[in-house]
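Have a look at the structure below before the remarks.
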Amino acid sequence: MKWFGRGDRDYREELDAHLEMEVRENLDRGMSPHEARQAALRTFGNALAVRQQLAEARPLHFWQTLSQDVRYGARLLKRSPGLTATIVFTLALAIGANAAIFSLVEAVLLRMLPVREPHSLVIVRALSRQGARDSFSHTDYEWLRDHSRAFSAISASAVWKMTLDAGDHKERVTAELVSGNYFALLGVEPAAGRMITVDDDHHGRLIAVLSHAFWQRSFAGRDDALGRNLRLDGASLTIVGVAPPGFEGEFAGSPSDFWIPLGAQPALSAGGGSTLHTRNVSWLDVMARLRPGVTAAQAQAGMQPLLESLRADLRVDSQNDYLGAITIEPGGGGLSGLRDYYAQPLRLLMALVAVVLLIACANVANLLVAQSAARRREFAVRLAIGAGRARVVRQLLTESFLLVAMASVAGLALADGIVRMLLAVSAVQGLEVHLNRSVLAFTVAISSAAAVTFGLAPALQCNRIDPWPTLKGRTTGAGTGARFSPSRLLVVMQTALSLVLVIASGLLLRTLLNLKAIDPGFDEQVLEANLDTSLVSGNGVALGTALLERLSTVPGVERASFSQFGFGRGASRICCISLEGYVPHANEDKSVRIQPVSAEYFRSLSIPVIAGRPFADTDRNRAPRVAIINETMARHYFRGADPVGKRFAWWHTAPKDIEIVGVVKDAKYDNLRQDSPRLVYLPALQQGSGPNFVQIRAKTHSERQVATLFQNLRSAIRAVHPGIRIVSLEPLSAAVNRTLAPERLVSWLSMGFGIVAILLTSVGLYGILAYNVVRKTKEFGIRMALGAGRLTIVRMVMTEAVLLVGIGLIFGLAAAVSFGNLAAKLLFGVQPRDTMTFASATLILVLVAIAAGYIPARRATRVEPATALRNG
Amino acid sequence: MPKANRVPLLPGTLEMLVLQSLLFGSRHGHGIATTIQRTSDELLLVDHGSLYPALQRLERAGLIASAWGISDNNRRARFYKLTRAGRKKLVAETGKWEQLVRAVKGVLQARPEEEQA
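Sequence order for the protein chains is A and B.
If you count the first sequence from 1, position 550 lands on 556 in my numbering, and the numbers rise without skipping.
If you count the second sequence from 1, position 24 lands on 102 in my numbering, and the numbers rise without skipping.
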């Protein structure tokens, strides 16, 4: 229907506007809402009144009203750009931080392998008696494969670093040996050619399936790669297929270049012999797919009898270590060292950043409640002209969603930057983080939750509006004056959450400082080079000796040494030591760690020899076998007796012919948290081990000279053999620092979160106090006129601040205690309920409360009684 | 409050009053109605129901133009303004009206002596 040539809607809107204005005026004249409405309709005459009533009774189409709400909301937000900007900024910060942390969580903890039904995949893991991770032997894997009933398939794999001979150059590659059912189990189909089959495995065929990335890199994705040969050390593999893009094996963060049948192992281990069909070598990781309807817990229960049968068959000696337990773990995400390392810190960070979002929501809710107080008249008019309460609430929620939509867009942009920064700061390697679909979905979800959370507060407030007194101006701002108004509750909640964050960051920061204060037991200023010498053929000892000779001629070098393992990179457990005159108790862990080193090692690292002698150049090939042990080991096996001169063997049946010639002070080995393990140093010259790590003690530490020294060292190393790859060259302090990456990430972030929380809370508190001062101006005026001193007024304002913060702190302390337990595993040298941290965090918040209350309190004392009374 | 002694408008005068009310700036429908009521010392009663058809007639005749805008209380409202033609029309109408009023007044106030003379 067209009225006057313009659209029906157009006309109705014009009349609606008119009607609303009329109602407002009538209300101003003191009519009741109902009267106002009737009178307004009357001015139109009867026919129109009827028509108008009909129009209102007919509900507008949902989308139509929605677009109305959105347009109205947008106009409103545009009208108060300051408030809008504050809200959007606050939310964007919180949403951005959440999206950033979540994208890390997604990459490390949640991302699934690109295989069929990843959720039914499990990792079957062998644990030693001491609970350390172990592998399965081939025989045990086959036995499990044939006897377990919980799985529809069970496969084994092992990752090998190999040297590929590409004709013009040699290249280190990552190969994965897999059982024949590996690809079938995962449901991975070839992109070209075929995959490895059970038959290939059985016959030990020398074939390879390339990863898509390796195919692109080495064969430029050409089809004629199929059928060609890959030449490895001592063997040649025929390429039969290419895996689909994206599939890189089950080791998240360390992609495989190609896959080889397990059966090909004997041919690939030059002279190493077969490790198939034997129980003596454990080298396999096992993965399985649960039978439909079987849960991981059921599979775990079913594993116990299998484990017992396996153990019954093992040699008595190794029973103490090998196969202490078999666990079933979710495997859909593959195996990931990163996950082991970062799971705990990331869960904690996710919890902390969620708290930040809650605080931000509380703040925004507070701002909106204050604003909605100013809008009460508007709502009252809307209610009076016949809008349902639901409609008004929906209007408010629409506005919240508008705000959140803007904030999420800004937040996502921010998240991208935050992630980059985090990755740079924490020095996490091998992690692919992107703002992918899961991150987007997460962001939309938390944003919507946030919008509802903070949108509801003013909506509830509005629900309590009684149009009648509100419109007549008789309101004293009901709701904000009540004892437990939403805004007060919000401030209490904010205070509580902030305290949790501040305490958390305090505990984590102290953990980091405690760890940094630890003396690693060696000189951290010493430079260490990590070398990859796998492409250099020949004797490792000769190479090491040549390197040390060459390095000692570099100007500025005081001393150089080499070792097989570096700090934080030692995988050197050896079992089972047997010492002269020492009887181990039944369940004792008989493994120790070993570290083959050159003679100068202890002097270049400043590790003091406290008994006996250091190694000498005479401790070589045919000389008597010698070893040096650390203090921890001396304490454990000799309890105060002098270990020097005692002998041991690596196996209880072997002759005990290795003599302990010295004891050195403990030095940290894996990381700063763990005490030094029992450690046996062996002479590299005697062990024939090469220079994987080279330590260089420099005479100078001035920056400029160190820079030239680095250059000289690099060229000296290359001069010894061009095939040596320098993986890294850095002071040991850098290696130490790297092991602190998770702690650093968590403590810096939590500190950032804590600061944001304090800021938001103080703004929230300030807001409510300032508002109250304005509201009570008249009261202050009267009191001052009656002779109240400034102090009384200040006390009135501050009492409220202290009360709100006090209640918040009590809740916060309770929450912080349970939080401390959550974080206990990450803490070092500080108790989860550390009194100092709790006390100083509380003090910080009290100071913040005083600061936030000070300005409103001062303003209250400046009230001129006369003015206040006149205007009140 | 509406006064008890309000008088309804004479037919045909509403258009003129609308034009007059727009002389000092654009207004929305409600604004026009209140302006007329207020400037008439609340004596003239504008039937809001006939205001909009009148506005429509004026707009169609090109005497006023309208556009959507935002009212003081953040409400979308249609604002009307005087066109050049409308301004001329107002002057003409005002002249005619004053002539008419003078004439009618003269008739109503005539004394019988003069009539005889």
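Virtual Cβ for every residue (Gly too), placed ideally from N, Cα, C.
Beta-bridge partners of residue i, as assigned by DSSP
i: A:A535; result: A:V700, A:L735
i: A:W166; result: A:A181
i: A:T638; result: According to DSSP, A:T638 bridges with nothing at all.
i: A:T333; result: A:R131
i: A:P267; result: A:V184
i: A:Q601; result: A:Y687
i: A:E314; result: Partner(s): none; A:E314 has no beta bridge.
i: A:T783; result: The partner list for A:T783 (beta bridge, DSSP) is empty, contrary to what the question assumes.
i: A:A566; result: A:I702
i: A:F257; result: A:L341
i: B:W146; result: B:R156
i: A:M293; result: A:I129, A:S161
Local Cβ density within 10 Å of residue i, reported as buried at 16 or more and exposed below that
i: A:T706; result: exposed
i: B:V185; result: exposed
i: A:R43; result: buried
i: A:D291; result: buried
i: A:G11; result: For A:G11, the predicted model reports a pLDDT of 44, less than 50, meaning its position is unreliable and no value from the coordinates is stated.
i: A:G826; result: buried
i: A:L797; result: exposed
i: A:R117; result: buried
i: A:G255; result: buried
Own chain, CB closer than 7 angstroms to residue i, minus 5 neighbours either side, in chain order
i: A:V94; result: L409, M412, A413, A416
i: A:S612; result: F528, D529
i: A:A46; result: L25, E28, V29, N32
i: A:T281; result: H144, Q271, V287, W289
i: A:E806; result: L775, N778
i: A:C367; result: A456, T459, F460
Other residues of its chain near residue i: CB distance less than 6 angstroms, five sequence neighbours each side excluded
i: A:A858; result: S768, L771, Y772
i: A:M790; result: P871
i: A:I774; result: S493, V497
i: A:N678; result: The amino acid occupying residue 678 of chain A in the given sequence is Leu; Asn does not appear at that position. Excluding positions up to five away in sequence, the list reads L521, I524.
i: A:D207; result: S185, G186, P267, L268, G269
i: A:V733; result: N536, D538
Distance cut-off 7 angstroms: residue i Cβ against heavy atoms of the ligand FAD
i: A:R645; result: Absent from the structure shown: the ligand FAD. Ligands present: none.
Same chain, Cβ closer than 8 angstroms to residue i, five either side skipped, listed in chain order
i: A:V650; result: A617, G618, I666, V667, G668, V669
i: A:L557; result: V563, A566, V700, I702, L719, A722, I723
i: B:V179; result: none
i: A:G572; result: E534, N536, N698, F699, A741
i: A:A829; result: L354, A510, L513, L514, P838
i: A:I799; result: F786, R789, M790, A863, A866, T867, V869
Euclidean distance between Cα positions of residue i and residue j
i: A:F225; j: A:A231; result: 6 angstroms
i: B:G173; j: B:N152; result: 38 angstroms
i: A:A91; j: B:A155; result: 27 angstroms
i: A:H153; j: A:V165; result: 25 angstroms
i: B:A145; j: A:R781; result: 41 angstroms
i: A:P838; j: A:K522; result: 19 angstroms
i: A:F632; j: A:G423; result: Before going further, note that residue 632 of chain A is Val rather than Phe in the sequence given. About 55 angstroms.
i: B:L87; j: A:K84; result: 42 angstroms
i: A:G758; j: A:V111; result: 18 angstroms
i: B:Q194; j: B:K183; result: Any answer about B:Q194 is weak, because its pLDDT of 45 lies below 50 and its placement is not dependable; what the coordinates show is given next. The alpha-carbon atoms of B:Q194 and B:K183 are separated by roughly 19 angstroms.
i: A:I583; j: A:W657; result: 6 angstroms
i: A:G694; j: A:D625; result: 11 angstroms
i: A:L72; j: A:Q350; result: 44 angstroms
i: A:K904; j: A:W221; result: What the structure shows of chain A is the stretch from 7 to 878, and residue 904 of chain A is not part of that stretch, so it cannot be assessed.
8 angstroms Cβ cutoff, residue i in contact with chain D
i: A:H24; result: Given the protein chain composition of this structure (A and B), no chain D is represented.
task: Taking a Cβ distance cut-off of 8 angstroms, strictly less, list which residues of the region 97-108 of chain B are near chain A, in chain order.
output: H106, G107, H108
- prompt: Looking at chain B, which residues of the region 758-791 of chain A have a Cβ within less than 7 angstroms of any of its Cβ atoms?
  reply: none
task: Below 9 angstroms between beta carbons is the criterion; list the residues of the region 105-131 of chain A that meet it against any residue of chain B, in chain order.
output: none
query: For the region 79-91 of chain A, which residues have a beta carbon sitting closer than 8 angstroms to at least one beta carbon of chain B?
result: R81, L82, R85
field: Residues, ordered as in the chain, of the region 143-166 of chain B that lie near chain A by beta-carbon distance below 8 angstroms
entry: I148, S149, N151, N152, R153, R154, A155, R156
message: Counting only Cβ-Cβ distances shorter than 7 angstroms, please list the residues of the region 237-254 of chain A near chain B, keeping chain order.
response: none
task: Using a Cβ-Cβ cut-off of less than 9 angstroms, list which residues of the region 23-46 of chain A approach chain B; keep chain order.
output: A23, H24, L25, E26, M27, E28, R30, E31, R35, A45, A46
field: Chain-ordered residues of the region 399-429 of chain A with a beta carbon less than 9 angstroms from chain B
entry: none
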